[in-house]
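505 is the number of the first residue of the sequence shown in this note's numbering; add one for each residue after it.
Backbone N, C-alpha and C fix where the C-beta goes; we use that ideal spot for every residue, glycine too.
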Amino acid sequence: ARLVLIRRLCTAALETQQQEKLKANFWHRQYSNLSSYLRRLLVDYRQAAAEALADMESAPRKTLAYLFVASLGIVAWRNNPSYGDYTNQLRQCSLQLGQLSPSVRSPRCAEFINRLCQLRDAQQLRRLNLGFVSLLWATELSSDCRLPDHTCEHLKPRWTRLRPIDVGCFSRWILLSGALRDSDINEAEWGELRLSPADPVISDAWD
505 ARLVLIRRLC
515 TAALETQQQE
525 KLKANFWHRQ
535 YSNLSSYLRR
545 LLVDYRQAAA
555 EALADMESAP
565 RKTLAYLFVA
575 SLGIVAWRNN
585 PSYGDYTNQL
595 RQCSLQLGQL
605 SPSVRSPRCA
615 EFINRLCQLR
625 DAQQLRRLNL
635 GFVSLLWATE
645 LSSDCRLPDH
655 TCEHLKPRWT
665 RLRPIDVGCF
675 SRWILLSGAL
685 RDSDINEAEW
695 GELRLSPADP
705 VISDAWD
């Protein structure tokens, strides 16, 4: 019985040593494979960098053009306006327009800003992030609407029925930035003040 017990203990010890050797060999192989892969990757990157440097020296103008386009793309990507930027800019435009007297306020600008505020309050504005620019459009239904026309894939409105609102790039929304241009000029009031050369008030100025 003692011999059997000793034999079993020796066998278990040998099996444990073999398992430890197998584990050590496994991790050694993994380390070797990883080292070889990283070494080959470093060589490939070094060759690619050398070739790129040679191309830059042979064609400096093309290199500058590529660098300019890449820098412009990075700046556009980092300064791509969000939907929150649009709502903040719309709020500022609404406040600036509200500071003007109704007698001098442009009805055209007021109608444009009011329509955008209504779409925002109705949650009908949608933004599409294209990486470098953003597109904003208006849908017919609110985002909280749960009607079949809004939830069913086959009944959803087609993209041809979407109404484009604005385009955003470089931290600004283009159409909204120019919405307050001549906002302090009331077209209707100026239309009433238009005079022809035959008017007696300014007839002497046209002689």
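Alpha-carbon spacing of residue i relative to residue j, whole angstroms
{"i": "Ile669", "j": "Phe636", "result": "18 angstroms"}
{"i": "Ala626", "j": "Arg619", "result": "11 angstroms"}
{"i": "Leu623", "j": "Ala642", "result": "7 angstroms"}
{"i": "Arg565", "j": "Val573", "result": "12 angstroms"}
{"i": "Asp598", "j": "Ile578", "result": "Checking the displayed sequence, the identity of residue 598 turns out to be Ser instead of Asp. So the two alpha carbons sit approximately 32 angstroms from each other."}
{"i": "Leu666", "j": "Glu644", "result": "8 angstroms"}
{"i": "Arg544", "j": "Glu519", "result": "37 angstroms"}
{"i": "Asp589", "j": "Arg631", "result": "11 angstroms"}
{"i": "Glu693", "j": "Tyr570", "result": "53 angstroms"}
{"i": "Leu557", "j": "Tyr541", "result": "24 angstroms"}
{"i": "Glu555", "j": "Ser562", "result": "11 angstroms"}
Element boundaries [beta strand (DSSP E), containing residue i]
{"i": "Gly588", "result": "Looking at the DSSP string, Gly588 is not in any beta strand (DSSP E); the run it does join, the alpha helix (DSSP H), is 587 to 602."}
{"i": "Gly672", "result": "667 to 673"}
{"i": "Asn618", "result": "Element bounds for Asn618: not the beta strand (DSSP E) but the alpha helix (DSSP H), 611 to 625."}
{"i": "Ala642", "result": "638 to 642"}
{"i": "Arg630", "result": "629 to 633"}
Close-in-space but distant-in-sequence residues of the same chain around residue i (CB under 7 angstroms, 5 per side omitted)
{"i": "Phe674", "result": "Ala580, Asn583"}
{"i": "Met560", "result": "Thr567"}
{"i": "Ala614", "result": "Leu601"}
{"i": "Asn537", "result": "none"}
Residue i beta carbon near the ligand GTP (any heavy atom closer than 7 angstroms)
{"i": "Ser586", "result": "In terms of ligand content, the structure shown is empty, and the ligand GTP therefore cannot be addressed."}
Close Cβ partners of residue i (< 8 angstroms) along its chain, the five nearest in sequence each way excluded
{"i": "Ile678", "result": "Asp670, Val671, Gly672"}
{"i": "Thr591", "result": "Arg624"}
Beta-carbon proximity list for residue i, same chain, < 6 angstroms, skipping 5 on both sides
{"i": "Gln534", "result": "none"}
{"i": "Ile689", "result": "Ser610"}
{"i": "Pro704", "result": "With a pLDDT of 49 at Pro704, under the threshold of 50, the modelled position of this residue cannot be trusted; read the value that follows with caution. So no residue of the chain qualifies."}
Does the segment 541 to 554 touch the segment 604 to 613, meaning 3 or more C-beta pairs lie closer than 8 angstroms? no
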